[in-house]
Structures are given as structure tokens and as C-alpha cells.
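Chemist: Just so we're aligned: 11 in this note's numbering is position 7 of the sequence shown, and the numbers increase by one with no gaps anywhere.
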Amino acid sequence: MAGVLVGVDGSESSRRALAWALREALLRHVPLTVMSVRPGPARPASMSFWGLRTLPEGGLDQDQARQSVQDFVAKAAGEAGGAVPDIVVSLAEGEPAEELITASRDADLLVVGSRGSGGFSRLLMGSVSSQVTHHAACPVVVVPAAGRAT
Numbered sequence: 005m006a007g008v009l010v011g012v013d014g015s016e017s018s019r020r021a022l023a024w025a026l027r028e029a030l031l032r033h034v035p036l037t038v039m040s041v042r043p044g045p046a047r048p049a050s051m052s053f054w055g056l057r058t059l060p061e062g063g064l065d066q067d068q069a070r071q072s073v074q075d076f077v078a079k080a081a082g083e084a085g086g087a088v089p090d091i092v093v094s095l096a097e098g099e100p101a102e103e104l105i106t107a108s109r110d111a112d113l114l115v116v117g118s119r120g121s122g123g124f125s126r127l128l129m130g131s132v133s134s135q136v137t138h139h140a141a142c143p144v145v146v147v148p149a150a151g152r153a154t
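This is how it looks when you write it as C-alpha cells:
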């Protein structure tokens, strides 16, 4: 997975991170790996107090998930216009920060958005972007939310 790795979750922030990563991979002449991590099942206490969304058993199969991420990538690539790097879509299940940190061992650069779709639970655990900046095995770029200085 050498090259640029970007974590996406379908949020506006991850779309901005993906657009940045597309441009960076082109500039570096390296492949881009787009990784989406489906969280494992939420614990009942977390779900009832924090409203975490989970998919029903078998609610989204790997093919549907892959197609959803590929559509997300295609839309971002279309908005960027011009050439695109070689792109690989990677799917995982687990804690997003942990999976991205593990994947960073084989990457030259990890890109994430500053805010994802994690909701209020992020305040309890720390955001994915905060966790990966502290623990990734490669340099990390955190793309700021829209409206913030870049």
C-alpha cells in the first residue's frame, strides 16, 4: 500500500481530504489507496446514550460497501478534473483510527479530514484525526474543514 493513503467516511470533511489526496498522489507520482472503515457493532450502552448508527446484521455487504466508496471516489475525481492517480479501494471493519494506523505502516503519507461522521462519541474517545496524528507510522496530513484557513 505504498503511496498516499486517505481515510474516508462519506462526510464532507473526508471528501475534502480525498480531493487533497488525489492531487498529492498525482504530484508525487504514487498510487492512492482510499480506505473506508466500517465500525464494528456498537455496544448497547453506547448506542442508547450516544445514538451511534450501526448497520443491521448483513445490512451492507462488501460489494455494496465497495461500490459506495468507488462512487464517492469517482465523484471526487470528477470534481477534480484532469488526470487521476492509480486508485485502490480498501475496506476494513473495526475502529477507524486503529485500522488507519495499522495501514499507515505501509504508506508514505496518511491523509484524513479534520471532522468525520462520528458524531458526539468522538468527544469521549478522541477524534480519528487526533489519534492518527499521534500514532501513525508515516507523516499525516489533516485537511481542515471548509471555511477554515488552509
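Glycine included, C-beta positions come from ideal geometry on N, C-alpha and C.
(1) Can you grab the Cα-Cα spacing for the pair residue 135 / residue 118, in whole Å?
(2) I need the boundaries of the beta strand (DSSP E) containing residue 16, first residue and last residue.
(3) Out of 28, 147 and 138, which has the shortest C-alpha to C-alpha gap to residue 112?
(4) Residues in its own chain within less than 6 Å of residue 133 by CB, not counting five upstream and five downstream?
(5) Which same chain residues end up closer than 8 Å to residue 69 when comparing Cβ atoms and leaving out the 5 residues on each side of it in sequence?
(6) Apart from the five residues just before and just after residue 101, which ones in its own chain have a Cβ nearer than 7 Å to its Cβ?
(7) Can you tell me whether residue 61 is buried or exposed? The criterion is at least 16 other CB atoms within 10 Å of its CB, across all chains shown.
(8) Since residue 19 and residue 80 should fall inside the 8 Å C-beta cutoff, what is the C-beta to C-beta distance between them, to a whole number of angstroms?
(9) Could you tell me the distance, in whole angstroms, from the CA atom of residue 15 to the CA atom of residue 76?
(10) Between the C-alpha atoms of residue 99 and residue 30, what's the straight-line distance to the nearest angstrom?
(11) Per DSSP, residue 42 forms a beta bridge with which residues?
(12) Report the rounded CA-to-CA distance for residue 84 versus residue 25, giving the unit in angstroms.
(13) Please report the straight-line C-alpha distance between residue 90 and residue 10, rounded to a whole angstrom.
(14) Which value, in whole angstroms, describes the spacing of the CA atoms of residue 107 and residue 143?
Modeler: Well, looking at it:
(1) Straight-line Cα distance between these residues: approximately 11 Å.
(2) Residue range 16-32 is occupied by the alpha helix (DSSP H) that includes residue 16, with no beta strand (DSSP E) assigned at that position.
(3) When each option's Cα is compared against that of residue 112, the closest is 28.
(4) 116, 118 and 146, listed in sequence order.
(5) Around residue 69: 40, 42 and 95.
(6) Hits under 7 Å: 132, 135 and 136.
(7) Note on residue 61: pLDDT 48, under 50, position unreliable in the model; the coordinate value appears next. Classification of residue 61: exposed, given that the 10 Å Cβ count is below 16.
(8) For a cut-off of 8 Å, the C-beta gap from residue 19 to residue 80 is around 6 Å, short enough to register as a contact.
(9) Cα atoms of residue 15 and residue 76: separation of roughly 10 Å, rounded to the nearest angstrom.
(10) So the two alpha carbons sit approximately 29 Å from each other.
(11) Partner residues in the beta bridge of residue 42, as assigned by DSSP, are 97.
(12) CA-CA distance, residue 84 to residue 25, rounds to 11 Å.
(13) Approximately 13 Å, taken between the alpha carbons.
(14) C-alpha separation (whole angstroms): 12 Å.
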